[in-house]
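Worksheet: one structure, shown below.
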Amino acid sequence: GFRAGLLGAGLNTPFGAFSVDLTQENTQLGHAYGSADGRSIKVAYSKSLSETRTNFTLAAYRYSSSKFMTLSQAVDARERIKSAGFRDDWLWQGNERDRFDISIDQPVGHFGSLFLTGSTRQTWGGESSSSRQFEVGFNGNAGDISYSISASRNNDEYLGSQTQYFVSLNIPLGSGAKSPTLSTQYTGGRGQGSSLRNYLSGVADDAGRWSYGVTQATDTNTSNSGSVNAQYRGNRSTLRGAYERGGDYT
């Protein structure tokens, strides 16, 4: 099982908002691996500038040992120890020792907002590593169409540097309540291939009980794929159905 306790405090001042969170967790791994526990501390600061409507947040994290795990990490660990040839040192590889995050959001008139995020992290272990990631982008709208454009840069001590680009569009195909929406997402980077995902979704009745979706995806690293799904939401139950097909599966 997994247990975690959180104790936090916050203070709002004319200079900004400050907060401190302390977390203690314990994970029962089973399969003769006993338990693992750890502690974390998070210190955060946020400030909004009313003159420019700029929002920024700073957050620093520190973990007491490599055995600190979140709920998702605990679930993954309990599954991994069941595999043949498992080594217990694999559980702690890549776990964070400390992390620092920064986030800045700047509205740009009625067009949208410009954002910038950055993160540095250090991991535990004999093969400890450091990495830095930065992302800059813009979320906006043009009439009923919303869009997002961003570029990110990741510098890792072992993996090197990687740059990735992301573009998404959400386009309503009509103005009625039952008009579908087309969503398109593109992700790509030098030497990493690219992917394009198109998703059409909508409702088929005025009450909104019947909904549907159609997906088409193209990935240069894997096979093309597609799917259709439908859902009916009743007063006491929900019925779903889906069909997927790809180059290597159906």
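Using the numbering used here, the letters of the sequence shown correspond one by one to residues 21 to 270. Using N, Cα and C, we set each Cβ at its ideal position, and we do this for glycine too. Owing to the predicted nature of the structure, the values given are computational and were not obtained by experimental measurement.
Strictly by DSSP, which residues pair up with TYR206? VAL187, LEU216
Measure the alpha-carbon distance for TYR206 versus ILE191 and round it to whole angstroms. 15 Å
Give the secondary structure of GLU45 by DSSP, where H, G and I count as helix, E and B as strand, and everything else as coil. strand
Residue from VAL95, SER172, SER149, TRP144 with nearest C-alpha to GLY138: SER172
Buried or exposed: TYR263, going by 16 or more other Cβ atoms within 10 Å of its Cβ? exposed
Ordered along the chain, which non-local residues of its own chain (more than five positions away) have a Cβ less than 6 Å from that of ALA250? TYR232, GLY261
Would you kindly report the start and end of the unbroken beta strand (DSSP E) that includes ASN73? Strictly speaking, residue 73 in this sequence is Arg, with Asn absent from that position. That residue, ARG73, is in no beta strand (DSSP E); it is neither H nor E in DSSP.
Let me know if ASN32 comes out buried or exposed under the rule of 16 or more other beta-carbons within 10 Å of its beta-carbon. exposed
Exposed or buried, GLU45, counting other C-beta atoms within 10 Å across all chains shown (16 or more means buried)? buried
Report, in whole angstroms, the separation of the C-beta atoms of SER66 and ALA29, which I expect to be a contact under 8 Å. The pair is not a contact, with the Cβ atoms about 15 Å apart (cut-off 8 Å).
Measure from the alpha carbon of GLY11 to the alpha carbon of each residue in ASP121, THR204, TYR167, LEU179, then state which is nearest. Given a span of 21 to 270 for the chain in the structure shown, any question on residue 11 remains unanswerable.
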